[in-house]
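Colleague: Next up is a structure, given as structure tokens.
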Amino acid sequence: MKERRILIDADACPRQALAIAQALSAELNWRCLTYASFNHQLHGENHTVVDAGQQAVDMKVANETRVGDIVVTQDIGLAALILGKKAFSLTPHGMIFDPDRIEFHLEERNEKARYRRGGGRTRGPAARTREDDQRFAASLRSLMEKEVCL
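Now the structure itself:
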């Protein structure tokens, strides 16, 4: 049987989401792999330390991802790469990236970046809530329990 894996871009993953992913992995017999630059204080048997170069963690996660894996990331560009590899991706807030909508998310990201380069300001992320934790747990569990992931 193929090893079932969750890969986490842990550089920007809230600790609560990381704990939820690790608990669900243990419960459902999945392997939970974390990746972060050496600037982050994460440890563990399945943790990979990557250099602090720009996009180094994203490239490591993308290169390690296999068909059917689940990747947790806030990076829309990385999510697009993951979807192209026939894997699944979701944010730590529980939004599952849909292959049919990824182009929209990439365009939205580019428009916001253009706006900021022109001097505009965009809102930062809202404080994490209990609802975020619940939505993330439900979304991750639903991906883990899908037949296509097995």
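Residue numbers for the sequence shown follow the working numbering, beginning at 6 and rising by one. Cβ coordinates follow ideal geometry from the N, Cα and C atoms, glycine included.
1) Assess contact between the stretch 59-75 and the stretch 84-102, defined as three or more Cβ pairs (one per stretch) separated by less than 8 Å. Is contact present?
2) What are the boundary residues of the beta strand (DSSP E) that ILE13 is part of?
3) What are the residues that DSSP puts in a beta bridge with VAL77?
4) In whole angstroms, what is the alpha-carbon distance linking THR127 and ARG121?
5) From the DSSP secondary-structure annotation, give me the bridge partner or partners of ALA61.
6) Suppose contacts are defined by Cβ-Cβ distances below 8 Å. Is LYS65 in contact with THR78 by that definition?
7) Please state the DSSP three-state secondary structure of VAL72.
8) Rounded to whole angstroms, what is the Cα-Cα separation between ALA84 and PHE102?
9) Return helix, strand or coil for ALA22, following the three-state DSSP convention.
10) Would you list the residues sitting across from ALA41 in a DSSP beta bridge?
11) Do you know offhand how far GLU108's Cα is from MET100's?
12) Short of 8 Å in beta carbon distance, which residues of its chain neighbour LEU148, apart from the five on each side in sequence? Order them along the chain.
Modeller: Judging by the given coordinates:
1) yes
2) 10-14
3) ILE13 and LEU95
4) 7 Å
5) ALA61 pairs with nothing; no bridge assigned.
6) no
7) coil
8) 7 Å
9) helix
10) VAL54
11) 15 Å
12) ILE75, PHE93, LEU95, ILE101 and CYS154
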